[in-house]
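A short worksheet on the structure shown next.
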Amino acid sequence: MAYKDREVYLAYQKQYNQRPERKEAIERYRQEHRKQVQRTHWELNYLAKVDAMLHYGNGGIVCNHCGNTNIDVLCIDHINGCGSMHRHSSNRAGLGLYRWLKKNNYPEGFQILCWNCNHEKEIRTRGI
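Going by numbering that gives the first Met the number 0, the residue at position 124 of the sequence shown is 123; the numbering climbs one at a time, nothing skipped.
Okay, here's the thing in structure tokens:
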């Protein structure tokens, strides 16, 4: 049955997947295809990160402070320094943050920093 309303379809899928036999089938599939599932999740996480980085990097994936281009050490930084508050209030970090940024049309107030520059900024902010 085709659904014209996406919300109705998603509600149906959620209800369908809560059935005990469906939960068992999903878990069995995950166990039998563990490596494939892990690889798919890694790829989705990586693509979400790349999308966010391309947006906040103005077309390039680079640290706004030191120029580092290694995506494995780059992260999204809250410019106004309320990252901890945002993570706790919205329960978003990592992939959840990247998805939230995309869903909210990449709002202002974020930048790309490498982990070292991000940590240095935190130390300066706290006056440690």
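Ideal Cβ placement from N, Cα and C applies to all residues, glycine included.
Q | Of the listed residues ARG27, ILE78, GLY126 and ASP71, nearest to HIS64 (C-alpha basis) | A | By 1-based counting over the sequence shown, the position of residue 64 is 65. Scanning ARG27, ILE78, GLY126 and ASP71 for the CA closest to the CA of HIS64 turns up ILE78.
Q. Among residues of its own chain, excluding the 5 on either side of LYS48, which ones have a beta-carbon nearer than 6 Å to its beta-carbon?
A. For the purposes of this step, residue 48 is taken as residue 49 along the sequence shown, with counting starting at 1. Cβ within range, chain order: TYR97.
Q: Closer than 6 Å by C-beta to GLU119: which residues in its own chain qualify, once you throw out the five before and the five after it? Chain order, please.
A: Within the sequence shown, numbered from 1, the residue matching residue 119 stands at position 120. None.
Q. Among ILE111, PRO106, GLY95 and GLU121, which has the Cα closest to the Cα of GLY186?
A. With the chain covering only 0 through 127, there is no way to say anything about residue 186.
**Q.** Cβ neighbour criterion (16 or more within 10 Å) applied to ASP4
**A.** On the sequence shown, residue 4 is found 5 positions in, with the first residue counted as 1. The residue is exposed, with fewer than 16 neighbouring Cβ atoms inside 10 Å.
Q.
Considering only the alpha carbon of each residue, which of THR39, CYS113, TRP99 and TYR8 lies closest to ASN69?
A. Working through the sequence shown from its first residue, we reach residue 69 at position 70. Considering only alpha carbons, the answer is CYS113.
Q) How about PHE109 and TYR55: are their beta carbons less than 7 Å apart? A) To locate residue 109, count along the sequence shown from 1; it is residue 110. To locate residue 55, count along the sequence shown from 1; it is residue 56. The answer is yes: Cβ separation under 7 Å.
**Q.** Those runs of the alpha helix (DSSP H) which lie wholly inside the segment 7-52 and span at least 4 residues
**A.** 19-31, all fully within the segment 7-52.
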